[in-house]
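Report on the following structure.
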Amino acid sequence: MLKCQRVLIVATKGTLARVGKIPPAVPVVSTFNGVEEHVPTVVVKKASEILISNKCDSVLSIGGGSATGTAKALALNHDIKTIAVPTTYAGSEVTDVVGITSDEVKRTVTDLRIVPDLVIYDSLLTLDLPPQFTLTSAYNALAHAFGALAMKNQNPFSKRYALEAISLIVASLESRNDRGLIDGSARDELLLGACWAGMCLAQVGTSFHHKICHVLGGSFGLSHSKSHASMLPFSVQFMMNSLFPTDIQNVLRDIFHEEDISKALINLSASFGFRPSLYDLGLMESDVGRAVELTFDAVSSSDARIEKNDVMNMLSLALRARN
Ligand code: NAD
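Per the numbering used here: the sequence shown ends with 326, consecutive numbering throughout.
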């Protein structure tokens, strides 16, 4: 029993109109709909003021990873219960991690207190995700799973979760119709896959791939899910060539029905109309050196062995992906 008596809703602008009426049994006392991507500290401060002035004892976040992340940032500094209703495939609702951005740097905080006390999954809330965002958000989830398979501290559970997540997500995306739409049951499977993917990230932490994406978002302003979708084929190419053992490579080839997983990821993404180039998303050739340095500042001892040159190559390939 959560015993929430004064609930603050945290969402992105426009979300509540999409979601419809909140059941009257939920004791909502205020709403903060100023959520922004990458969880800027100024936004957390505004939400925090509303939480305090309304004496809220709980936060109900409805939306993607940005809404969930804002609620987690609040839970870092307030003794509150949090309930997450995810509407994308970010998977943040099952992790103890939050990325908060200030002074153009996105810093990751890990703390068990921020794991939502309750998660409510309802795939009906994901039906209106546009095809391209469905794809990029699903690639964010895929990235958690591939990243978990690349971590030094992986374990038999994280490995199983990761492979199951990849299998569910790829099958759901492949079930699209020719307009890039996927039906309700595939949306259920996508949410489940995203949940498994989040669970492996929660177990082993974020990989070098994720750190690159945090730098692209926090320091260069690129969209989080689009950065994942642009980078993933090139990170996975490196993982397949240099990190994954043969048994994992073979399972992945079976899942994608393709020898070259990187090519399969590019083709799947193109079938949703997303052409992956970091340049299109706003990264400049001259930004790459700084992005490499910032990524390396965040690399931890659990990360796979990786050199600056490897990150430079991946970023350069993703930057010029259209040429
Ligand atoms: P988002 O939450 O920023 O949402 C992007 C846009 O999509 C918003 O305008 C939102 O209103 C809209 N939207 C959300 N759900 C929708 C729906 N069902 N239909 C139509 N529109 C919808 O995007 P995101 O990619 O889910 O989240 C990105 C953020 O999540 C980043 O800050 C990232 O760092 C964080 N994240 C954190 C973790 C973690 O474990 N801590 C994991 C993944 C992502």
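Here a beta-carbon is modelled for each residue, glycine too, at the ideal position from N, C-alpha and C.
Where residue i falls, given that 16 or more other Cβ within 10 Å makes a residue buried
{"i": "K109", "result": "buried"}
{"i": "N326", "result": "Note on N326: pLDDT 47, under 50, position unreliable in the model; no value is reported."}
{"i": "K75", "result": "buried"}
{"i": "T249", "result": "exposed"}
{"i": "V29", "result": "exposed"}
{"i": "T18", "result": "buried"}
{"i": "N253", "result": "exposed"}
{"i": "N270", "result": "exposed"}
{"i": "I12", "result": "buried"}
{"i": "L219", "result": "buried"}
{"i": "A93", "result": "buried"}
{"i": "L322", "result": "buried"}
{"i": "K214", "result": "buried"}
{"i": "M332", "result": "In this structure the chain extends from 4 to 326, so residue 332 is not present and cannot be described."}
{"i": "H260", "result": "exposed"}
{"i": "R190", "result": "buried"}
{"i": "L204", "result": "buried"}
Heavy atom of the ligand NAD within 7 Å of residue i beta-carbon
{"i": "R21", "result": "yes"}
{"i": "V100", "result": "yes"}
{"i": "H41", "result": "yes"}
{"i": "G224", "result": "no"}
{"i": "L115", "result": "no"}
{"i": "H227", "result": "yes"}
{"i": "L331", "result": "Outside the displayed span of the chain (4 to 326) sits residue 331, for which this structure offers no information."}
{"i": "A70", "result": "yes"}
{"i": "D186", "result": "no"}
{"i": "G150", "result": "no"}
{"i": "D250", "result": "no"}
{"i": "S95", "result": "yes"}
{"i": "G285", "result": "no"}
{"i": "D131", "result": "yes"}
{"i": "L204", "result": "yes"}
{"i": "G37", "result": "no"}
{"i": "L128", "result": "yes"}
{"i": "G67", "result": "yes"}
{"i": "G292", "result": "no"}
{"i": "G183", "result": "no"}
{"i": "T327", "result": "Since the displayed the chain opens at 4 and closes at 326, residue 327 lies outside it and no answer follows."}
{"i": "N143", "result": "yes"}
{"i": "T90", "result": "yes"}
{"i": "T15", "result": "yes"}
{"i": "G201", "result": "yes"}
{"i": "T34", "result": "no"}
Sub-8 Å separation of residue i and residue j beta-carbons
{"i": "I53", "j": "S33", "result": "yes"}
{"i": "V97", "j": "V62", "result": "no"}
{"i": "S272", "j": "L194", "result": "no"}
{"i": "G208", "j": "S303", "result": "yes"}
{"i": "W199", "j": "E167", "result": "yes"}
{"i": "A50", "j": "L79", "result": "no"}
{"i": "A153", "j": "S210", "result": "yes"}
{"i": "A146", "j": "A70", "result": "no"}
{"i": "I72", "j": "S95", "result": "The amino acid occupying residue 72 in the given sequence is Gly; Ile does not appear at that position. For G72 and S95, yes; Cβs fall inside 8 Å."}
{"i": "L132", "j": "T91", "result": "yes"}
{"i": "H227", "j": "H41", "result": "yes"}
{"i": "G276", "j": "P134", "result": "yes"}
{"i": "D60", "j": "I83", "result": "yes"}
{"i": "A307", "j": "K155", "result": "yes"}
{"i": "I264", "j": "V239", "result": "yes"}
{"i": "I172", "j": "G187", "result": "no"}
{"i": "C216", "j": "M234", "result": "yes"}
{"i": "V47", "j": "I86", "result": "no"}
{"i": "A165", "j": "A151", "result": "yes"}
{"i": "F223", "j": "A294", "result": "yes"}
{"i": "L255", "j": "I169", "result": "yes"}
{"i": "V10", "j": "V31", "result": "yes"}
{"i": "V88", "j": "S64", "result": "yes"}
Identified DSSP bridge partners for residue i
{"i": "S105", "result": "V108"}
{"i": "S33", "result": "L11"}
{"i": "V38", "result": "Paired residue(s): none; V38 is not in a bridge."}
{"i": "L63", "result": "I12, I86"}
{"i": "T113", "result": "V100"}
{"i": "P236", "result": "P236 pairs with nothing; no bridge assigned."}
{"i": "S43", "result": "The sequence shown places Pro at residue 43, rather than the Ser named in the question. Beta-bridge pairing links P43 to T104."}
{"i": "L121", "result": "I86"}
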